[in-house]
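Undergrad:
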Amino acid sequence: MTDERFAFVVVSNRLPVDRVVAEDGSAAWKQSPGGLVTALEPVMRLTDGAWVGWAGQPDVALDPFTNDGIRIVPLALSADEIANYYEGFSNDTIWPLYHDVIVPATYHRDWWDAYVAVNQRFADAAAAIADEGATVWVQDYQLQLVPRMLRLARPDLTIGFFNHIPFPAYGLYSQLPWRTQIIEGLLGADVIGFQRVSDAGNFSRAVRRLLGHTTKSPYIEVPADDELPARRVVARAFPISIDVEAFEDLARSPAVQARATQIRAELGNPKTVMLGVDRLDYTKGIGHRLKAFSELLEDGRLKVEDVTLVQVASPSRERVETYKHLRDDIELTVGRINGDFGTIGHQAVNYLHHGFPRDEMAALYLAADVMLVTALRDGMNLVAKEYVAARYDEDGVLVLSEFAGAADELKTALRINPHDIDGLKDAIMQAVEMARAERRKRMRSLRKRVRENDVQHWSRTFLRALSEANDGVDRYGIELDPLGDLEWTVERPSKR
Ligand code: GDG
Numbered sequence: 037m038t039d040e041r042f043a044f045v046v047v048s049n050r051l052p053v054d055r056v057v058a059e060d061g062s063a064a065w066k067q068s069p070g071g072l073v074t075a076l077e078p079v080m081r082l083t084d085g086a087w088v089g090w091a092g093q094p095d096v097a098l099d100p101f102t103n104d105g106i107r108i109v110p111l112a113l114s115a116d117e118i119a120n121y122y123e124g125f126s127n128d129t130i131w132p133l134y135h136d137v138i139v140p141a142t143y144h145r146d147w148w149d150a151y152v153a154v155n156q157r158f159a160d161a162a163a164a165i166a167d168e169g170a171t172v173w174v175q176d177y178q179l180q181l182v183p184r185m186l187r188l189a190r191p192d193l194t195i196g197f198f199n200h201i202p203f204p205a206y207g208l209y210s211q212l213p214w215r216t217q218i219i220e221g222l223l224g225a226d227v228i229g230f231q232r233v234s235d236a237g238n239f240s241r242a243v244r245r246l247l248g249h250t251t252k253s254p255y256i257e258v259p260a261d262d263e264l265p266a267r268r269v270v271a272r273a274f275p276i277s278i279d280v281e282a283f284e285d286l287a288r289s290p291a292v293q294a295r296a297t298q299i300r301a302e303l304g305n306p307k308t309v310m311l312g313v314d315r316l317d318y319t320k321g322i323g324h325r326l327k328a329f330s331e332l333l334e335d336g337r338l339k340v341e342d343v344t345l346v347q348v349a350s351p352s353r354e355r356v357e358t359y360k361h362l363r364d365d366i367e368l369t370v371g372r373i374n375g376d377f378g379t380i381g382h383q384a385v386n387y388l389h390h391g392f393p394r395d396e397m398a399a400l401y402l403a404a405d406v407m408l409v410t411a412l413r414d415g416m417n418l419v420a421k422e423y424v425a426a427r428y429d430e431d432g433v434l435v436l437s438e439f440a441g442a443a444d445e446l447k448t449a450l451r452i453n454p455h456d457i458d459g460l461k462d463a464i465m466q467a468v469e470m471a472r473a474e475r476r477k478r479m480r481s482l483r484k485r486v487r488e489n490d491v492q493h494w495s496r497t498f499l500r501a502l503s504e505a506n507d508g509v510d511r512y513g514i515e516l517d518p519l520g521d522l523e524w525t526v527e528r529p530s531k532r
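For this note's numbering, add 36 to where a residue sits in the sequence shown, where the first one is 1.
(1) What residues in its chain sit with their C-beta under 6 Å from that of valine 313, if we drop five residues either side in the sequence?
(2) For glycine 221, is the beta carbon positioned less than 7 Å from some heavy atom of the ligand GDG?
(3) From the DSSP secondary-structure annotation, give me the bridge partner or partners of lysine 252.
(4) Using alpha carbons as the reference points, say which of Leu186, Thr171, Ile380 and Asp235 lies closest to alanine 271.
(5) Along the chain, where does the beta strand (DSSP E) that runs through threonine 308 open and close?
(6) May I have the straight-line CA-CA distance separating leucine 388 from serine 330, to the nearest angstrom?
(7) Below 8 Å, can you find three or more Cβ-Cβ pairs linking the region 363-374 to the region 317-336?
(8) Can you give the Cα-Cα distance for proline 183 and alanine 189, rounded to whole angstroms?
(9) So what does DSSP say about leucine 98, is it helix, strand or coil?
(10) Please report how far the alpha carbon of arginine 496 lies from the alpha carbon of alanine 97, in whole angstroms.
(11) Using the three-state DSSP reduction, which class does threonine 129 fall into: helix, strand or coil?
(12) For isoleucine 219, which residues of its own chain have a beta-carbon under 7 Å away from its beta-carbon, when the five flanking residues on both sides are left out?
(13) When the Cα of serine 289 is compared with those of Arg427, Ala75, Asn127 and Val468, which residue comes out closest?
(14) Would you please state the rounded distance, in angstroms, between the beta carbons of leucine 212 and leucine 133? I believe it to be under 8 Å.
(15) Identify, in the order they occur along the chain, each residue of the same chain with its Cβ nearer than 8 Å to the Cβ of aspartate 342, setting aside the five sequence neighbours on each side.
(16) To the nearest angstrom, how far is the alpha carbon of glutamine 67 from that of isoleucine 276?
(17) Please state if the CB of alanine 403 and the CB of alanine 296 are separated by a distance shorter than 8 Å.
(18) Less than 6 Å between C-beta atoms, sequence neighbours within five positions excluded: which residues of the same chain meet that for arginine 232?
(19) Flag this pair as touching only if the region 121-133 and the region 349-362 have three or more C-beta atom pairs under 8 Å; answer yes or no.
(20) In or out: lysine 461 buried (at least 16 other Cβ within 10 Å) or exposed?
(21) Just the Cα atoms here: how many angstroms apart are asparagine 238 and aspartate 490?
(22) Grouping DSSP H, G and I as helix and E and B as strand, with all else coil, what is alanine 112?
(23) Nearest to serine 240 by alpha carbon, out of Ile256, Ala225 and Gly229?
(24) From the DSSP secondary-structure annotation, give me the bridge partner or partners of lysine 66.
(25) Let me check understanding here. Comparing Cα to Cα, which of Met397, Gly105, Gly432 and Val385 lies closest to valine 406?
(26) With distance defined between alpha-carbon atoms, name the residue in Val73, Pro110 and Gly229 nearest to tryptophan 90.
(27) State yes or no: is the C-beta of phenylalanine 42 within less than 8 Å of the C-beta of glycine 105?
(28) What runs of the alpha helix (DSSP H), each 4 residues or longer, lie entirely inside the region 362-427?
(29) Start and end of the beta strand (DSSP E) containing aspartate 167?
(30) Is isoleucine 276 near the ligand GDG, going by C-beta to nearest heavy atom under 7 Å?
(31) Roughly how many angstroms separate the alpha carbons of aspartate 376 and arginine 337, rounded to a whole number?
(32) Is it the case that the region 278-286 contacts the region 472-492, given that we only count it when at least three CB pairs across the two stretches are under 8 Å?
(33) Is DSSP giving valine 182 helix, strand or coil here?
(34) So, with DSSP's three-state summary, where would you put serine 277?
(35) Using a threshold of 7 Å, is the CB atom of phenylalanine 197 nearer than that to any non-hydrogen atom of the ligand GDG?
(36) Taking the C-alpha atoms as reference points, what is the distance between alanine 467 and alanine 384?
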């Protein structure tokens, strides 16, 4: 390990960089372009912060190193741990349960044991490098036990937790055999952040039902137990976002604009290009979207000569059984739709099962007249916000599921219930036929909202809540100047 100490530590399952091994066996680090990295970068640089996480491959033990100004502290996981803690408990127990059991959640006691053991390792790693009085920000559902483990080891720390996925209603959550341990794990944090107000409400209800603690939003009064003193915990919504300015700059670049024109031309310049961009995940409602689209072709309300649906389905969790079945289902459906409705020269669905660079994503957003976000359940859905950020031309129509967290903010999108196929079909037609003036009006208002609540706003608000929850001191000194720009003036936390 290392004897370095840091005033600010982020802990997440995956590191913000991926270890890429070339064919000749040499390894290199590639920045993973997630919203989380963008969100935390400014504060990481100014605090000389460290990031603890797994490098994405089994049994790779590496020393800490610096990447692009951020200290990276890799944590090794064995192949067994990946199978049980990550693919098992995280992705086949918690993920389906927290997404309203769209597919059944699987409960295995040995997966739980691995989850506890690996969470303890993450907590130990963070405890070992956190300076006296440091702030540790734990990310997401793979690490829900870390806050309490960390507090037990290091009561001097200020601890935050952010849940990137939904928190389910108690009727579902109560299925979990380890429901009390998870709640107790999370309550080790000073501030627990959720995407939506309803997620924070579901969590507080679970705390009342399982532990009987007093809650008065946003506070939860946690009484003393055998190991920890009484504390007040904050649980509330902090809707995550994207780096809006960077995304818009990308979309405005001449190369991306030229590529957007080229994409439309390569599709045969149809009247309408529709787009879906998702990890290939059952939560995203890709099947519902394809069903609505194929029925519109079948009904003759859409013609294959006029409309093309581009569906980017980036590969995800390919070793988990449910995801293998999902891929087969989706690809069978796409094949059927293209077989039934395609002509020589006109493909109904342009299906792409691979990842793309960010500038290609921006070009796709610019090329798309209609963006389809039909998630059955989604913490936020950053794709919806990226589409809005890219549309500096104030054009394009966003069709947005009310089951995505983004629906709380993006009120002038065309809201849909993806289970209501007739309603979804009508919304798609409304989007295809919408007049330019109404498109502009709706997109302007979406853009205003997305600009106001960007990812810098998200991290700043969370860290301010964390400072206040602890001792009322805004130790990051995060202030808005009159123009609304961010100013970060960071003091090291006082020794306590
Ligand atoms: C989880 C929650 C929550 C996708 N394909 C490519 C690509 N992407 C990028 C998108 C977007 C991101 O990945 C996906 O973010 P989402 O929010 O849409 O969905 P999840 O991956 O499920 O994320 C979600 C999020 O965490 C943050 O808290 O919003 O609800 O489920 O940025 O653009 N990027 C590139 N190539 C691809 O092929 N470059």
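Ideal Cβ positions, reconstructed from N, Cα and C, are used throughout, including at glycine.
Keep in mind that this is a model prediction, so the values were computed, not measured.
TA: Reading off the structure:
(1) In the sequence shown, the residue the question calls residue 313 occupies position 277. Here the set comprises Val348 and Val419.
(2) Taking the sequence shown and counting its residues from 1, the one referred to as residue 221 is at position 185. Every heavy atom of the ligand GDG is 7 Å or more from the Cβ of glycine 221, so no.
(3) If you number the sequence shown from 1, residue 252 lands on position 216. Note: lysine 252 sits in a beta bridge opposite Tyr255.
(4) Here the question's residue 271 lines up with position 235 in the sequence shown. Considering only alpha carbons, the answer is Asp235.
(5) As a first step, residue 308 is located in the sequence shown; it is residue number 272 there, counting from the start. Threonine 308: member of the beta strand (DSSP E) spanning 308-315, first to last residue.
(6) What you label residue 388 is simply residue 352 of the sequence shown in a count that begins at 1. What you label residue 330 is simply residue 294 of the sequence shown in a count that begins at 1. Computed Cα separation, rounded: 18 Å.
(7) By the Cβ criterion, the region 363-374 is in contact with the region 317-336, since at least three pairs of Cβ atoms, one from each stretch, lie closer than 8 Å.
(8) Sequence index remark: in the sequence shown, residue 183 carries index 147 (1-based). Sequence index remark: in the sequence shown, residue 189 carries index 153 (1-based). Going by the C-alpha atoms only, they are around 10 Å apart.
(9) Stepping through the sequence shown from its first residue, residue 98 is reached at position 62. The answer is coil: DSSP assigns leucine 98 none of H, G, I, E or B.
(10) The count along the sequence shown starts at 1 and reaches residue 496 at position 460. The count along the sequence shown starts at 1 and reaches residue 97 at position 61. Going from the Cα of arginine 496 to the Cα of alanine 97 covers about 33 Å.
(11) Counted from its first residue, the sequence shown places residue 129 at position 93. Residue state, collapsed to three classes: helix.
(12) By 1-based counting over the sequence shown, the position of residue 219 is 183. Residues Ala242, Val243, Leu246 and Leu247 of the same chain have their beta carbon placed closer than 7 Å to that of isoleucine 219, with the five preceding and five following residues left out of the count.
(13) What you label residue 289 is simply residue 253 of the sequence shown in a count that begins at 1. The candidate whose alpha carbon is nearest that of serine 289 is Arg427.
(14) Walking along the sequence shown from the start, residue 212 turns up at place 176. Walking along the sequence shown from the start, residue 133 turns up at place 97. Here leucine 212 really is in contact with leucine 133; their C-beta atoms are around 6 Å apart, less than 8 Å.
(15) Here the question's residue 342 lines up with position 306 in the sequence shown. In the same chain as aspartate 342, and ignoring 5 residues on each side of it, the C-beta atoms closer than 8 Å to its own belong to Pro306, Lys307 and Thr308, in chain order.
(16) Position 31 of the sequence shown, counted from the start, is the residue given in the question as residue 67. Position 240 of the sequence shown, counted from the start, is the residue given in the question as residue 276. Between the C-alpha atoms of glutamine 67 and isoleucine 276 there is a straight-line separation of about 20 Å.
(17) Numbered from its first residue, the sequence shown carries residue 296 at position 260. Numbered from its first residue, the sequence shown carries residue 403 at position 367. Between alanine 296 and alanine 403, the C-beta gap is smaller than 8 Å, which places the two residues in contact.
(18) If you number the sequence shown from 1, residue 232 lands on position 196. The answer, listed in chain order, is Ala273, Gly441 and Asp444.
(19) Yes: the two stretches touch, three or more of their Cβ pairs being nearer than 8 Å.
(20) If you number the sequence shown from 1, residue 461 lands on position 425. Answer is buried; the Cβ neighbour count reaches 16.
(21) Within the sequence shown, the letter at position 202 stands for residue 238. Within the sequence shown, the letter at position 454 stands for residue 490. For asparagine 238 and aspartate 490, the distance between alpha carbons rounds to 25 Å.
(22) Here residue 112 corresponds to residue number 76 of the sequence shown, with the count starting at 1. Coil.
(23) Numbered from its first residue, the sequence shown carries residue 240 at position 204. Ranking Ile256, Ala225 and Gly229 by CA distance to the CA of serine 240 puts Ile256 first.
(24) Start at 1 with the first residue of the sequence shown, and residue 66 comes out as number 30. According to DSSP, which records beta bridges pairwise, lysine 66 is partnered with Asp54.
(25) Position 370 of the sequence shown, counting from 1, holds the residue named residue 406. When C-alpha distances from valine 406 are compared across Met397, Gly105, Gly432 and Val385, the shortest belongs to Gly432.
(26) As a first step, residue 90 must be located in the sequence shown, where it is residue number 54. The candidate whose alpha carbon is nearest that of tryptophan 90 is Pro110.
(27) Locating residue 42 in the sequence shown gives position 6, counting from the first residue. Locating residue 105 in the sequence shown gives position 69, counting from the first residue. Pairing phenylalanine 42 with glycine 105 gives a Cβ-Cβ distance that is not under 8 Å.
(28) Secondary structure remark: continuous alpha helix (DSSP H) runs of at least 4 residues inside the region 362-427, in chain order: 394-403 and 418-426.
(29) Taking the first residue of the sequence shown as 1, we reach residue 167 at position 131. If you look at aspartate 167, you'll find it in the beta strand (DSSP E) that goes 166-175.
(30) Within the sequence shown, the letter at position 240 stands for residue 276. Between the ligand GDG and isoleucine 276, a heavy atom-to-CB distance of less than 7 Å is present.
(31) Position 340 of the sequence shown, counting from 1, holds the residue named residue 376. Position 301 of the sequence shown, counting from 1, holds the residue named residue 337. Going by the C-alpha atoms only, they are around 15 Å apart.
(32) With the cut-off at 8 Å, the region 472-492 and the region 278-286 touch.
(33) As a position in the sequence shown, residue 182 is number 146, starting the count at 1. Valine 182: helix per DSSP, three-state reduction.
(34) Translated into the one-based positions of the sequence shown, residue 277 becomes position 241. DSSP, reduced to helix, strand and coil, places serine 277 outside both helices and strands of the structure shown, so it counts as coil.
(35) Residue numbering aside, residue 197 sits at position 161 when the sequence shown is read from its first letter. Phenylalanine 197 has its Cβ no nearer than 7 Å to any heavy atom of the ligand GDG.
(36) On the sequence shown, position 431 is the one that residue 467 refers to. On the sequence shown, position 348 is the one that residue 384 refers to. Looking at the two C-alpha atoms, the distance is approximately 18 Å.
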